[in-house]
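Chemist: Take this structure, written in structure tokens, and hold onto it; I'll ask about it next.
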Amino acid sequence: MQIWTGQSYPLGATFDGSGTNFALFSEAAERVELCLIDEDGTERRVEVTEVDAYVWHVYLPAVQPGQRYGYRVHGPFDPASGLRCDPSKLLLDPYAKAIAGMASNHPSLYSYDFEDPSERNTEDSAAHTMHSVVVSPFFDWGNDHPPAHEYHDTVIYEAHVKGLTMLHPEIDENIRGTYVAMGHPAVIEHLQQLGVTAVELMPVHQFVQDGHLVEKGLRNYWGYNTIGFFAPHNEYSYAGELGQQVQEFKQMVKNLHEADIEVILDVVYNHTAEGNHLGPTLCFRGIDNSSYYRLVEGDEAHYYDTTGTGNSLLMRTPHVLQLIMDSLRYWVTEMHVDGFRFDLASTLARELHEVDRLSAFFDIIQQDPIISQVKLIAEPWDLGEGGYQVGGFPPLWSEWNGRYRDTVRDFHRSEPGTVGDFTSRLAGSSDLYQHTGRTPIASINFVTAHDGFTLRDLVSYNERRNEANLEGGTDGESHNRSWNSGVEGETDDPGVLALRKRRAKNLMATLLLSQGVPMILHGDEMGRTQQGNNNTYCQDDELSWVDWDLDEHQEEMLWFTRRMIALRHEHPIFRRRRFLQGVVREDSGSVLKDVEWLATDGAPMTEEEWEDPENKCLTMFLNGSAIPEPTSRGERIVDDSSLVMFNASGNGVEFVLPGTEYGQAWEVVLGTGDTIDVSTVVEAGESIVRPGHSLLILMRPAVEAEEEDRAAEEIEHPIRA
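If you count by numbering that gives the first Met the number 0, then the sequence shown holds residues 0 to 720, one letter each, in order.
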């Protein structure tokens, strides 16, 4: 075999059409061997002799795409000093573009003896670990281009590649659960009919099946256990794992883009699958442990962990930052994704122990000409001290709004004293985001997500039912802010079922009427249940997969969700670019406030009504004539105005429409409670009785300011006959 010196950049295995360049960073290494692995497991070792700035590199003209490989890194093994080089462990390339196989829980993967952890284990791991794969970078993208939906127009659909497609009846059984299935016309048709503009895919970076789960007969379903930050997860591939997963992922993105749907990836850069000091040696630990991981100061044998998974990546070192930035750029430029949701993003911001808004990670994102231009979403918390950072991220970022989730759940389960906070969440949460110069798009609004109850379970269970996880039912969140609507779990009671359906619709409608960016959990539009399990991270089965066989209640929920998303798309007042201020906008041409919160008597809410803990009803007036911000093309928007009546109490309540200054007549467009027909026209000042736990949306066409002036004048000085 010919061996050339190669180049130190780019890192990873790079096929140039002729041969492959290999480059690996390790400051700790004293010797590095590149191991080429044949189909039968035979290993050929190539000594890597060239090293520049701690990057070991070699070029092999004979190596083509599909070649399996790994590294053996020789160097100090001194855990007490944070050094864990171990040439008996075949290591993955941190920059591998594809990974073959799945690590087992075999003792050879561990550098210590299970019976006596103080004893070193030098058993060779090659036969029991995963292999890096050389891939071809070539793919016919045709005229693919990002849909580039403006952020305020975005509706996100959180989806799992396998969970969404595994039971779809129109997809061939052989390809279900794969990237091919995710890009299938049947799935795309559902997404288009629903009206979502982006799918946020749960982790598709190569992850590891946890040994302790496999031993119990369970699997890591969610995938928050990354080992390869450049490699699409191989278990979601249909045709094979020697680079086919890369081609299939690209085709999936291309198909979704053709349908005008963006692809956002849920990414886990805060930790790796190697776990704590008792974890396996798969990649980073054996390459350069102290450069990649945060170690406990003064006790370098242990890992500083703010993620609850055993380790945290060391964001202060330039090579970890380079790894993450190279990975992000790769997924944008080579895989054509449109944005990222960062799991436990507070960990990425930690310089020492505190969360620092001006950390190196944010600095480097801010100045990057590629990453700064895509959608960036933070999960703004971790498990460390001061880790809950909702509202604390820099202006470039949007955030999962946990305050929104909690408040909307509380309001719609009739918790006292929630009206004030509820209106703040409806209006875009300016109290959380405006102080950093951000706009409503900073708030990713959600009521449910993969972690927790589904929407149907939220209105059907008071308590989690997690026994299937084999942890005694004590895992997962115990305080869910849920209400079972009168009966715990499954029931045939028609009254309870009707209430649950109404409440689920109320939650979905609230989400889609709120300023900010809505995110829907896959299957919620169809009434999906997990039988009360609120932590299905290890349930890779029918409990977690979307069931496409719908009953009449689920069909109705699907219709309602489609109609609500369409209503949001049709009316800019529900997705404004700037925060509502509750004032008369001088530049809007309207004498009415941009938003008004009205009591059930149709008049603006009094201070006493705001402070009344038992007040669970209100009407939101949105002024379609008061949208002052211009579009990107410069023209100003005028829209219909809207009234939305919320009754979160358990009783029927009489609502009075506001006076003629708000509008002469209003048309009912959608609601819950089935007591008033769509298209019914209701006059100003008229009364409507709304049932408990219901919502009603009314619209009126935009009017000229002169008409509003006359109406207001007439209220103040009525004309007498």
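All C-beta atoms, glycine included, are put in the ideal place defined by N, C-alpha and C.
Every value quoted in this text rests on a predicted model; they were computed, and no experiment measured them.
Tell me, which residues are paired with Phe341 by DSSP?
Modeler: Val266, Ala377
Chemist: When the Cα atoms are used, what is the spatial distance from Leu23 to Val54?
Modeler: 5 Å
Chemist: Helix, strand or coil for Gly11 per DSSP?
Modeler: Note: Gly11 maps to strand in three-state DSSP.
Chemist: Across which residues does DSSP place Asn646 in a beta bridge pair?
Modeler: Cys616, Ser693
Chemist: Does the distance between the C-beta of Val516 and the nearest non-hydrogen atom of the ligand FMN fall short of 7 Å?
Modeler: For the structure depicted, the ligand FMN is absent and the ligand set is empty, with no information on it obtainable.
Chemist: One question on the structure: do Glu524 and Leu557 come within less than 8 Å of each other, judged by their Cβ atoms?
Modeler: yes
Chemist: First and last residue of the beta strand (DSSP E) that includes Leu281?
Modeler: No beta strand (DSSP E) holds Leu281; DSSP gives it neither H nor E.
Chemist: Taking Trp609 and Val418 to be in contact with their CB atoms under 8 Å, please state how far apart those CB atoms are, rounded to whole angstroms.
Modeler: 7 Å
Chemist: Just to check my reading of the structure: Ala664 and Arg689 have Cβ atoms closer than 8 Å, yes? What is that Cβ distance to the nearest angstrom?
Modeler: The pair is not a contact, with the Cβ atoms about 18 Å apart (cut-off 8 Å).
Chemist: Evaluate Gly651 with the Cβ neighbour count: other Cβ atoms within 10 Å of its Cβ, from every protein chain shown; 16 or more gives buried, anything less gives exposed.
Modeler: exposed
Chemist: Closest to Gly5 by CA distance: which of Arg43, Val57, Gly16, Ala12 is it?
Modeler: Val57
Chemist: In terms of DSSP beta bridges, what is Val132 paired with?
Modeler: Arg67, Ala97
Chemist: Could you spell out the range, first to last residue, of the alpha helix (DSSP H) harbouring Ala497?
Modeler: 493-512
Chemist: When the Cα atoms are used, what is the spatial distance from Ile187 to Ala348?
Modeler: Their Cα atoms are separated by approximately 36 Å.
Chemist: Got a sec, what are the start and stop residues for the beta strand (DSSP E) Asp298 sits in?
Modeler: Element bounds for Asp298: 298-302.
Chemist: By alpha-carbon positions, which one of Gln208, Lys592, Asn646, Val590 ends up nearest to His615?
Modeler: Per the sequence shown, the amino acid found at residue 615 is Lys instead of His. Of the listed residues, the one whose Cα sits closest to Lys615 is Asn646.
Chemist: Distance, Cα to Cα, Leu395 vs Gln365?
Modeler: Spanning the two alpha carbons is a distance of roughly 7 Å.
Chemist: Suppose the cutoff is 7 Å on Cβ atoms and the five residues either side in sequence are ignored; what does the same chain contact list for Thr306 look like?
Modeler: Asn269, His270, Leu343, Thr346, Asp381, Leu382
Chemist: Considering only residues of the same chain and omitting the five flanking positions on each side of Thr280, which have a CB-CB separation below 6 Å?
Modeler: Asp85, Lys88, Ser110
Chemist: Let me know if Val331 comes out buried or exposed under the rule of 16 or more other beta-carbons within 10 Å of its beta-carbon.
Modeler: buried
Chemist: Starting from the N-terminal side, write out each stretch of the alpha helix (DSSP H) that is 4 residues or longer and does not extend beyond the segment 390-421.
Modeler: 401-411
Chemist: With a threshold of 7 Å on Cβ separation, who are the neighbours of His568 within its own chain once the five nearest residues in sequence on each side are excluded?
Modeler: Gly194
Chemist: Mind checking who Val681 pairs with in its DSSP beta bridge?
Modeler: Paired residue(s): Trp665.
Chemist: Between which two residues does the beta strand (DSSP E) carrying Met518 extend?
Modeler: 516-520 is the extent of the beta strand (DSSP E) around Met518.
Chemist: Is Leu313 near Tyr291, with beta carbons less than 8 Å apart?
Modeler: Using a Cβ distance threshold of 8 Å, Leu313 and Tyr291 count as a contacting pair.
Chemist: Excluding the five sequence neighbours on either side, which residues of its own chain have a C-beta within less than 6 Å of the C-beta of Val680, listed in chain order?
Modeler: Ala664, Glu666
Chemist: Restricting to runs no shorter than 3 residues, where is the beta strand (DSSP E) found entirely within the segment 115-176?
Modeler: Every beta strand (DSSP E) of 3 residues or more that sits fully in the segment 115-176 is shown, in chain order, as 130-132, 155-158.
Chemist: Secondary structure at Asn468, three-state DSSP: helix, strand or coil?
Modeler: helix
Chemist: Is the segment 136-148 touching the segment 161-177 in the sense that three or more CB pairs, one from each, lie closer than 8 Å?
Modeler: Contact fails: fewer than three Cβ-Cβ distances are below 8 Å.
Chemist: Buried or exposed: Arg44, going by 16 or more other Cβ atoms within 10 Å of its Cβ?
Modeler: Exposed.
Chemist: Just to confirm my understanding: we take Leu542, look at its own chain, exclude 5 residues before and 5 after, and list those with CB closer than 8 Å. What are they?
Modeler: Same-chain partners within the cutoff: Ala467, Gln529, Gln530, Asn532, Thr535.
Chemist: Tell me, which residues are paired with Ser641 by DSSP?
Modeler: Leu621, Met698
Chemist: With a 10 Å radius around its C-beta and 16 neighbouring C-beta atoms as the bar for buried, classify Met334 as buried or exposed.
Modeler: buried
Chemist: Please state whether DSSP places His552 in a helix, a strand or coil.
Modeler: When DSSP states are grouped into helix, strand and coil, His552 belongs to the helix group.
Chemist: Based on Cα-Cα distance, which residue from Leu35, Val154, Thr674, Ser80 lies nearest to Val262?
Modeler: When the alpha-carbon of Val262 is set against those of Leu35, Val154, Thr674, Ser80, the nearest one is in Val154.
Chemist: Is Ala720 helix, strand or coil by DSSP?
Modeler: Any reading at Ala720 must be qualified, since the residue scores a pLDDT of 31, below 50, and its modelled position is unreliable; the value itself is stated next. It is coil, neither helix nor strand.
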